[in-house]
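Residue numbers (the numbering used here), protein chains in the order written: chain A, 183 to 540; chain B, 9 to 149.
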């Protein structure tokens, strides 16, 4: 057990107490201080509390689900150059699902509507880190943070992303969260070139709340910031997956730019997998990419197109997905989305979502 | 003679209405021991850089409807309101908020005078000896 994994993080009672503490503080501060809807509240620039929530609906192959997907409280407490950041989240709070077909013993479908409802209210620690800002060139984070790779992973919540769905890049090419240390800053000699070097050598804080179970990870990213809407870079790393004893080496490139009303972004990742165990295992590689454009059709209305692709050499599998989404932002912190996804080899998918930063 | 006089008056008025250019100065407290470039000012206002030489930098904004702020956004940040909103939404997820807003140039002047690490933008009449100028931008009205 690593030093960053105190036992109480796994205790759901403690998580509830922590969430309740934040909730009570939030309410108390909101009444006492000026609250800015969508920007949280800020007390003397030292304490900041905010949050977000998401509702979503998904229908695919006559199976549908309506979800109160998440509610999260974010906080940052600063003492000079040191700050403590936390994100506590309740996920899948309410799920109402239905299935309009039922499979029989003869493998035939008969029309039958099955419904289920489920309330679940448990809080998880999504992020928890201490950040130290030393200067322009050297800063670090210690704790559990978003793995600083590419574009999507840093903005994967519904209120920030352009579409309801996530591209394949975000699922199994690298862990979304790292529990370790991240050194970052600007290169002294470069012109606005930013670096990140991150390492994990211990168990995860809240290991069940990550897309991959990883206990060893080393990675880097180099990013050129031309301006805020024009960034590009490359990254790479190596990690050991806990369960399968597989070692992944990955490399990626990414970029985003804005041309008048068009926001354009793309990421490509390649991963090579090697089994560390004694089992005879075929080494294999996989590659994924997405190209996305978001165009402002009217003020506050955006139409988004995305093409996703994946090729996995282990089973010679390819996946191609075409996504079209309408994103309406009546206010900077509110997003309504309607999305349709066309899968080349699987049933299509329809999604709706409502997300809010509060 | 009268016609020439009227013409001269007209030309003066005409030329002054078109050459009305002003400078906006990005300034900070004189006792803050850091040297900054105009490019770094941009990154400080976007909070990509938050500390230099151990000193916490505190960028301050004027209210959203202030024309000096509009010029600053246009000429230094090179961003429109929509781009800024999207940007600050992304920073919100990291718990980083936009610069604090002070209600007038006079308030910014007083704040910079008092607080080490404070950075603001002002027109010429608000600049005094307690500040150092990081860079200036020429704006044409």
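Every residue, glycine too, gets a C-beta built ideally from N, C-alpha and C.
Please read these numbers as outputs of a predicted model, since none were measured by experiment.
Query: Could you check whether the Cβ of residue 540 of chain A sits closer than 8 Å to any Cβ belonging to chain B?; Result: no
Query: Identify the contact partners of residue 84 of chain B in chain A, using a Cβ-Cβ distance below 7 Å as the criterion.; Result: None at all; the shortest Cβ gap to chain A is about 11 Å.
Query: Taking contact to mean 3 or more Cβ pairs, one atom from each stretch, closer than 8 Å, check whether the region 241–249 of chain A and the region 215–231 of chain A are in contact.; Result: no
Query: Can residue 446 of chain A be considered in contact with the ligand FMN, in the sense that its beta carbon sits closer than 7 Å to one or more heavy atoms?; Result: The model on display carries no ligand, and the ligand FMN is accordingly not part of it.
Query: Just curious, the beta strand (DSSP E) that residue 485 of chain A is in, first and last residue?; Result: 483–494
Query: Starting from the beta carbon of residue 508 of chain A, find every residue of chain B whose beta carbon is closer than 9 Å, and list them in chain order.; Result: Correct list: empty, because the minimum Cβ distance to chain B is about 17 Å.
Query: Can you give the beta carbon distance from residue 449 of chain A to residue 471 of chain A, rounded, assuming they're within the 8 Å contact cut?; Result: 7 Å
Query: Around the C-beta of residue 390 of chain A, are 16 or more other C-beta atoms found within 10 angstroms, so that it is buried, or is it exposed?; Result: exposed
Query: Starting from residue 516 of chain A, follow the beta strand (DSSP E) in both directions and report where the run begins and ends.; Result: 516–525
Query: Report the neighbours of residue 34 of chain B on chain A: residues whose CB is nearer than 7 Å to its CB, in chain order.; Result: Per Cβ cutoff of 7 Å: no residues; residue 34 of chain B is ~17 Å from chain A at best.
Query: Is residue 26 of chain B close to chain A? Criterion is C-beta to C-beta, closer than 8 Å.; Result: For residue 26 of chain B, the predicted model reports a pLDDT of 41, less than 50, meaning its position is unreliable and no value from the coordinates is stated.
Query: Can you grab the Cα-Cα spacing for the pair residue 89 of chain B / residue 464 of chain A, in whole Å?; Result: 52 Å
Query: Leaving out five residues on either side along the sequence, give the residues of the same chain with a beta carbon under 6 Å from the beta carbon of residue 143 of chain B.; Result: 34, 46
Query: At 7 Å on the CB atoms, spell out the chain A contacts of residue 54 of chain B, in chain order.; Result: 410
Query: Answer yes or no: does any C-beta atom of chain A fall closer than 8 Å to that of residue 139 of chain B?; Result: no
Query: With a threshold of 8 Å between beta-carbons, can residue 230 of chain A be considered close to chain E, or not?; Result: This model lacks chain E altogether; the protein chains it does include are A and B.
Query: Let me make sure I understand the geometry here. Which of A:336, A:322, A:331 has the alpha-carbon closest to that of residue 432 of chain A?; Result: A:331
Query: One question on the structure: do residue 383 of chain A and residue 401 of chain A come within less than 8 Å of each other, judged by their Cβ atoms?; Result: no
Query: For the region 381–468 of chain A, which segments carrying the beta strand (DSSP E) assignment without a break, of at least 3 residues, lie completely within its bounds, in sequence order?; Result: 396–409, 412–423, 428–441, 444–457
Query: Expressed to the nearest angstrom, what Euclidean distance is found between the alpha-carbon atoms of residue 434 of chain A and residue 446 of chain A?; Result: 17 Å
Query: Count the other CB atoms, across all protein chains shown, that sit within 10 Å of the CB of residue 326 of chain A; report buried if there are 16 or more and exposed otherwise.; Result: buried
Query: Taking only beta-carbon atoms, is residue 116 of chain B less than 8 Å away from chain A?; Result: no
Query: Roughly how many angstroms separate the alpha carbons of residue 92 of chain B and residue 100 of chain B, rounded to a whole number?; Result: 12 Å
Query: Can you check which of these residues, A:416, A:439, A:303, A:481, is closest to residue 409 of chain A by C-alpha distance?; Result: A:439
Query: From the beta carbon of residue 377 of chain A, is the nearest beta carbon of chain B less than 8 Å away?; Result: no
Query: I need the DSSP call for residue 279 of chain A, collapsed to helix, strand or coil.; Result: strand
Query: Determine whether the Cβ of residue 257 of chain A lies closer than 8 Å to any Cβ atom of chain B.; Result: yes
Query: Around the Cβ of residue 353 of chain A, are there at least 16 other Cβ atoms within 10 angstroms (buried) or fewer (exposed)?; Result: exposed
Query: Kindly indicate the opening and closing residues of the beta strand (DSSP E) around residue 226 of chain A.; Result: Per DSSP, residue 226 of chain A belongs to no beta strand (DSSP E) and is neither H nor E.
Query: I'd like the list of long-range same chain contacts for residue 499 of chain A, defined as Cβ closer than 8 Å, with 5 residues on each side in sequence excluded.; Result: 492, 493
Query: The beta strand (DSSP E) with residue 327 of chain A in it runs from where to where?; Result: 321–328
Query: Going by beta-carbon coordinates alone, are residue 318 of chain A and residue 60 of chain B separated by less than 8 Å?; Result: yes
Query: Using 8 Å as the cut-off, can you tell me whether the region 104–123 of chain B makes contact with the region 344–353 of chain A, which would need three or more C-beta pairs spanning the two stretches below that distance?; Result: no
Query: Along chain B, which residues have their Cβ under 7 Å away from the Cβ of residue 315 of chain A?; Result: 58, 59
Query: Can you name the start and end residues of the beta strand (DSSP E) that residue 122 of chain B belongs to?; Result: Element bounds for residue 122 of chain B: not the beta strand (DSSP E) but the alpha helix (DSSP H), 113–122.
Query: Quick check on the DSSP output: the alpha helix (DSSP H) that includes residue 80 of chain B runs from which residue to which?; Result: 75–80
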